[in-house]
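Remember, our numbering sits 51 above the position in the sequence shown when you count from 1. C-beta: ideal position from N, C-alpha, C; glycine also.
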Amino acid sequence: MIPLDRIYVINEQDFVIDWGEQRVESLTDGRYFPAPAISSRHEISQYELDQLAHAGYINGYDDHFVFLDVHAVTLGQHQQRQYYLHTRLTKDRRADVEAWLQTAQLHHEHAVRVQSNFVIIRSKNGLGFPTLDAATTAQMQLVEQVPQLATTVVAFVEVLA
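This is the structure in structure tokens:
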């Protein structure tokens, strides 16, 4: 049971629960959205609540609460980690990182991306590294061949698989 005033629609399409502390969780798939990913937000309408109930994402609602089945979102799914390398450099340094990888001839093995205002490095084609060992190996290779990335750390994100 969640207070109705904590249920919102963000980015014109995602139905979420606002847990406070700048954390919102999708009602439809359990993903978490960081505050910077929210470009718009409005209160959920009765029509939208009816649609969520009809689709089975909520068990129902009244004037004050939305009733959830806590297992509905993650039923049949499990979380897994995707690893990436966090350079600790801000997004204005992305071109530098790309140039350093090109100079070291590592640009075909790694993809440079921006995430939450920081430059990150993923494996080829922008996919996360599948294991901690793979990410650690890539980190050691990068630090060895590109000294400018010496402060790079291994990070991860939990995803529903």
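Asked, Found
"What did DSSP end up calling Pro181 once you bin it into helix, strand or coil?", "coil"
"For a test of the three-state rule: what should DSSP assign to Leu140, helix, strand or coil?", "strand"
"For Asp297, which beta-bridge partners are listed by DSSP?", "Beyond the ends of the chain as shown, which are 52 and 212, falls residue 297; an answer cannot be given."
"Compare the Cα-Cα distances from Arg139 to each of Leu119, Leu200 and His158 and report the closest residue.", "Leu200"
"To test your reading of the DSSP string, which unbroken beta strand (DSSP E) runs of 3 or more residues are found completely within the stretch 149-207?", "161-166 and 169-174"
"Could you check which residue in Pro85, Arg164 and Tyr98 has the C-alpha nearest to that of Arg144?", "Arg164"
"Which residue marks the beginning of the beta strand (DSSP E) containing Tyr98, and which one marks its end?", "Note, Tyr98: premise wrong, no beta strand (DSSP E); alpha helix (DSSP H) at Gln97 to Ala106."
"Check whether the stretch 156-173 touches the stretch 111-121, counting contact only when three or more Cβ pairs, one atom from each stretch, lie closer than 8 Å.", "no"
"Closest by CA to Asp101, which one among His93, Arg92, Ser90 and Asp113?", "Asp113"
"Quick one: using the 10 Å Cβ neighbour count with 16 as the cut-off for buried, is Leu78 buried or exposed?", "buried"
"Nearest CA to the CA of Leu183: which residue from Lys175, Glu195, Phe207 and Gln153?", "Phe207"
"Does DSSP put Arg132 in a helix, in a strand, or in coil?", "strand"
"Name the one or two DSSP bridge partners that Ser91 has.", "Note: Ser91 sits in no beta bridge, so no partner."
"Secondary structure at Arg82, three-state DSSP: helix, strand or coil?", "coil"
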